[in-house]
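S.K.: In our numbering, the protein residues as written are 30 to 374. Glycine included, C-beta positions come from ideal geometry on N, C-alpha and C. All values derive from a computational prediction rather than experimental measurement. Below: one structure in structure tokens.
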Ligand code: SD4
């Protein structure tokens, strides 16, 4: 059986970090992660932390950090942070510029959860630049948690969100190319993980701890490319792609949403942390559930991120190539971290 000590050694040995400077030059500088990232006792108290999925998490974290560093609330940080990815046309799996479904419609799933356990969500929302902010409005302005489709769009209208076409020329051209074969393979293992890594595309999920020690999380996506019209993934489902419990910690997911939903991944990870698991141990068990349940797990990517209430972070994935951005350690610069995985490179 793996002891906690073995586990921690394995975790740090399997991880490297990239500074933002190295990112700009596109030259991965491998450095050891600071010990406090993994060690509750070494972390300075009341120090904010923000983590988010994939390479597009770097500019998103930088925005969230401005809020946290100024003493702002974790909820505002995660909303502001993921809005950066939503508005970026280069991010092909979130918001504007996201790949459409097989009928050419960009449909969005988002959710947000705060330190009190309040949550808001939208699913199958169209023509909206910032679904995360609509999700927050659902949380704050309605008695409900989730609105979908045309109902969500009409609610967004009442809240002043403009109707905007999100399908960029590039995304349209890629979709038209896809239509030539119309092969739907969201479950395929990326043939070249290095390329997958470089392109840095995927859902953005973000978790933050603010200076008051409170937690919040957000998740937003255009979902799997060329999905069936009407398909909703894990990203707007509280407990699946995102769960926050201020007394314990928070967890979030990226990857094939069907696998995350079937194992209620983020809720599971928070509950494991409640029982004493470290964030990374909990993420590993979240991944292990998928491995045990799905004989096809080698062809699926799912990545989990978690943070506990002390700001200690962890992550684990099924496939190599998953990365997360972290800000709040070592000079508060944003680092991109390679995550250990069930399958090796
Ligand atoms: C979904 N989890 O719609 C999202 C998409 C994603 O890799 O993260 N893609 O299933």
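(1) How about residue 138 and residue 234: are their beta carbons less than 8 Å apart?
(2) Quick one: is residue 208 buried, meaning 16 or more other Cβ sit within 10 Å of its Cβ, or exposed?
(3) Within the present structure, is the beta-carbon of residue 245 separated from the nearest heavy atom of the ligand SD4 by less than 7 Å?
(4) Straight-line CA distance for residue 369 to residue 115?
(5) What does DSSP give as the partner residue(s) for residue 337 in the beta ladder?
(6) Please classify residue 55 as buried or exposed, where buried requires at least 16 neighbouring CB atoms within 10 angstroms.
(7) Pull up the DSSP beta-bridge partners for residue 176, would you.
(8) Using 8 Å as the threshold, is the C-beta distance between residue 22 and residue 182 below it?
(9) Measure the beta-carbon distance from residue 301 to residue 273 and round it to whole angstroms, keeping in mind my assumption that it falls under 8 Å.
(10) Is the Cβ-Cβ distance between residue 101 and residue 239 less than 8 Å?
(11) Mind the definition here: the segment 314–323 touches the segment 286–294 only if three or more C-beta pairs lie below 8 Å; say whether that holds.
(12) Would you say the beta carbon of residue 270 is closer than 7 Å to some non-hydrogen atom of the ligand SD4?
(13) Output yes or no for whether 8 Å exceeds the beta carbon distance between residue 158 and residue 167.
(14) Using only the alpha-carbon positions, how far apart do residue 283 and residue 91 sit?
(15) If contacts are defined as beta-carbon pairs under 8 Å, then residue 299 and residue 371 qualify, I think. What distance do you get, rounded to the angstrom?
(16) In the DSSP output, what is residue 130 paired with across the bridge?
(17) State the DSSP-derived secondary structure class of residue 353, mapped to helix, strand or coil.
(18) Would residue 150 pass as a contact of residue 108 if the rule is Cβ separation under 8 Å?
(19) Compute every distance between the C-beta of residue 250 and the non-hydrogen atoms of the ligand SD4, then say whether any falls below 7 Å.
(20) Where does residue 189 land, buried or exposed, given buried means 16+ other C-beta within 10 angstroms?
(21) Helix or strand or just coil, what does DSSP make of residue 254?
(22) Whole angstroms is fine: what's the gap from residue 257's alpha carbon to residue 360's?
(23) Confirm the yes/no value for this check: CB of residue 138, any heavy atom of the ligand SD4, distance under 7 Å.
M.R.: So, from the data block:
(1) no
(2) exposed
(3) no
(4) 27 Å
(5) 278
(6) Unreliable positioning characterises residue 55 in this predicted model, as indicated by a pLDDT of 40, which lies under 50. The coordinate reading is nonetheless provided below. Residue 55 should be labelled exposed.
(7) 151
(8) Nothing about residue 22 can be reported from this structure: the residues present for the chain run from 30 to 374 only.
(9) Contact doesn't hold; Cβ gap of about 15 Å is too wide.
(10) yes
(11) yes
(12) yes
(13) no
(14) 20 Å
(15) Between residue 371 and residue 299 the Cβ distance is about 21 Å, and since that is not below 8 Å, they are no contact.
(16) Its beta-bridge partners do not exist; DSSP assigns none.
(17) strand
(18) no
(19) yes
(20) exposed
(21) coil
(22) 45 Å
(23) yes
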